[in-house]
Structures are given as C-alpha cells and as structure tokens.
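Take 33 as the starting number for the sequence shown in our numbering and just add one per residue.
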Amino acid sequence: MMEMLSGRWGIRDVKSRKDRTMAAPIALQLYTLREAMADDFEGVVRKVADIGYVGVEPAGFPGTTPEAASSLFKELGLEVTSAHVPLPVGEGKQETLDTANALGIKRLLSGKGRDDYSSHDKIKATSDLFNEASEIAVANGMTFGIHNHWWEYLEVEGRYAYQVMLEHLNPEVFFQIDAYWVQTAGPDPAAVIQELGARAPLIHIKDGPCVRDEPMQALGEGITDFHQVVAAGEYADWWIVELDRCATDMMEAVVKSYTYMVDNGFAWGNK
C-alpha cells in the first residue's frame, strides 16, 4: 500500500461535491473511439451524444479540425471538459494554445512516458517541464494538469514516483487521476483521489482486470470498486470514461459504461 502524501498541495478552497450536488456529470474521452472516428468522426460523436454523455474530452481530431469539432460539439450540446494535448512548451506551444482556444476550454492535460519517471533526477526534470507548461497555461487564462498511467505509481529508488514528483510541482498543476491505472500499479485509487481532494477535479474511469497489457471491460464488469471511487471523488467535476482497448466491442462498452454509471447514481447524463 502506498504511503499517502500530506502537506502543501495547493488545494484551493473549493466546495466538495457533497456541498453542491449528489453526482458529477459523465463524459467520454474520445480516444476510446479513435478507430471508429478515423472513418467517421462526426457520426461517432453524434452517437456519443445520443447515448446521453454530457461531455467529451478530445485527444486528437482524425479527419477534422479543432474548429470543426468544436462546432459539432456545440450543435450537439456536448460540453468539452478538457483536452489531451501536446505540452504547451517549445515550438508547439502556440498550436496547443490555438487548439484550446478553438475548443473554448480552460483545462489542458498531458503526461509523460515510463522512462521519464525512471530516476529521481528524471522525475525532477519532468516536474520542471510540467511547471513550465502550467506557467504558460496560466499566463493564457488556462490551467494545466497531469494524466497518470501505471508507471507513476511504481517505486523508484525506494519511493513512489508520484511522491517525488509532488515535491517539485507548482501548486497550480492539477491532476486527472486515472483510477484504473492507479489500481493496476497497486495503490488504492479511492485513497489517492481522496488525498488529492480539490486538486483532482477530473477523474478517468475504466474497468477490467487491472493487469498491465490486458484488455479492459465496460464499467461494472471488472474488479474496480466504483462505490469507493465515487465516494472518494467528492471534488470531482467530471467522471470521464476512457477505455484504451477492450475485450468486447468498443461502442457496446461505451454504452454499458454510461448505463452503469447513471443507473447506479454515480453520475448524471442526458438520458
């Protein structure tokens, strides 16, 4: 079990979900349907809206542009929660900022690979890069957050990588906790979400065996305890479904995941 962190995390004075409404809305990370979108971006997005998803989180725009996608989202009443984008630093900075502005979003998200967390020195360098991205985002009226995979929760030189990273991050950097990947690495995702509190306003949810390289499943069909995860996410603004790969038909899993979250009162949707 990971030793939970404490201290100055820069958590804002934000009311918990308990003080606002019973549940957060449900969104879909569109990376989930990337293969289908490569053939028919508009048709797939229309299906997502028809299922009842309240929001979407893009991660690329196959066969279209951010501007065209934004128009489609607005037509369908889909809120864009955030976007997974290249880091807004260096030569690609302006393109990332332009994408965010086209989508009308304020939250940018990115991450790094396993090797970037393979030593304490590399973790510090990665944290410095995230801080730079955050400073640029804030200067442009946005915020920057980190999406985790399983490797951030591995032990590196006797400590969990995330513990080392948090010592170096600016408090403005927020987190999009992927509950499935946390559990795959070993720690309790509910404990991680609860400890981060208001600094984790976006939660990615998946289900399955929580085994690396094994296919995922629709929510409710794996081993994740969503009662505990949702209870811990009292500061969550969105529950965002994401399936990297699936043991069944992906669109079927997207429908089942929506139904599971809404029927159990874990999230609210449009249907």
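All residues carry an ideal CB built from backbone N, CA and C; glycine is no exception. In this text, all values refer to a predicted model and were calculated from it rather than measured experimentally.
For Ala299, list the residues DSSP reports as bridge partners. Looking at the DSSP assignment, Ala299 forms a beta bridge with Ala56.
Unbroken stretches of the beta strand (DSSP E), 3 residues or longer, contained in the stretch 70 to 121: Runs of the beta strand (DSSP E) inside the stretch 70 to 121: 87 to 89.
Run of the beta strand (DSSP E) containing Ser142, from where it starts to where it stops: Looking at the DSSP string, the run of the beta strand (DSSP E) that includes Ser142 is 139 to 142.
Secondary structure at Ile255, three-state DSSP: helix, strand or coil? DSSP places Ile255 in coil when its eight states are reduced to three.
Alpha-carbon spacing of Leu198 relative to Val188, whole angstroms: Each residue's CA atom was taken as its position, placing Leu198 and Val188 some 14 Å apart.
Just to confirm, are Ala211 and Ala56 a CB contact at a threshold of 8 Å? Not a contact, by the Cβ cut-off of 8 Å.
Helix, strand or coil at Met248 [DSSP, three-state]: Looking at Met248 - three-state DSSP - the assignment turns out to be strand.
Under 8 Å, do Gly308 and Asp239 count as touching if we go by C-beta distance? A question about residue 308 goes unanswered here, because the residues of the chain that appear run from 33 up to 303.
Roughly how far, in whole angstroms, is the beta-carbon of Ala81 from the beta-carbon of Leu110, given that I think they are within contact range, below 8 Å? About 5 Å separates the CB atoms of Ala81 and Leu110; that is less than 8 Å, so the two are in contact.
Is the beta carbon of Val304 less than 8 Å from the beta carbon of Leu65? Residue numbering for the chain in the displayed model covers 33 to 303; residue 304 lies beyond these limits and cannot be assessed.
Pick from Ala222, Arg244, Asn163 that is closest to Pro120, judged by C-alpha positions: If you compare the alpha carbons of Ala222, Arg244, Asn163 with that of Pro120, the shortest gap goes to Asn163.
Using beta carbons (cut-off 8 Å, strictly below), is Lys144 in contact with chain D? The displayed structure is made up of one protein chain only, and chain D is not part of it.
Quick check on the burial criterion: 16 or more other C-beta atoms within 10 angstroms. Buried or exposed for Gly87? Gly87 should be labelled buried.
With Asp130 as the anchor, note down where its alpha helix (DSSP H) starts and where it stops. Start and end: 125 to 135.
Closer than 8 Å is the cut-off here; do at least three beta carbon pairs connect the stretch 141 to 155 with the stretch 175 to 192? Flag = yes, the stretch 141 to 155 and the stretch 175 to 192 touch.
Length of the line joining the Cα atoms of Ser114 and Ile209: Going from the Cα of Ser114 to the Cα of Ile209 covers about 14 Å.
Alpha carbon to alpha carbon, how far is Lys106 from His152? When only Cα atoms are considered, Lys106 and His152 end up about 44 Å apart.
Neighbour-count burial assignment, Pro203, 16 or more Cβ in a 10 Å radius: That one is exposed.
Below 8 Å on the Cβ atoms is my guess for Pro94 versus Ala134; work out the distance and round it to an integer in Å. About 16 Å separates the two Cβ atoms, so there is no contact after all.
On the DSSP bridge assignment, give the partners of Cys278 in chain order. Answer by DSSP bridge pairing, in chain order: Met248.
Can you name, in chain order, every residue of its own chain whose Cβ lies under 6 Å from the Cβ of Tyr292, other than the five neighbours on each side? For Tyr292, where only same-chain residues beyond five positions count, the Cβ hits under 6 Å are Leu251, Gly252.
How is Trp213 classed by DSSP in three states: helix, strand or coil? Trp213 falls in the helix class under three-state DSSP.
Reference Thr175; option with closest CA among Phe207, Val287, Leu104, Leu108: Among Phe207, Val287, Leu104, Leu108, the Cα nearest to that of Thr175 belongs to Phe207.
Tell me, please, which residues DSSP counts as bridged to Trp271. Per DSSP, Ile58, Ile235.
DSSP has Phe206 in a bridge; who is on the other side? In the DSSP output, where bridge partners are listed per residue, Phe206 has Gly177.
Proximal residues to Asp257 (C-beta, below 8 Å), its chain only, five neighbours per side dropped: Annotation for Asp257: Ala222 place their beta carbon closer than 8 Å to its own, counting only its chain and skipping 5 residues before and after.
Roughly how many whole angstroms lie between the Cα atoms of Leu234 and Trp271? Going from the Cα of Leu234 to the Cα of Trp271 covers about 7 Å.
Using the Cα positions of Asp147 and Val196, report the straight-line distance between them to the nearest angstrom. Linking Asp147 to Val196 through their CA atoms gives a straight-line distance of about 15 Å.
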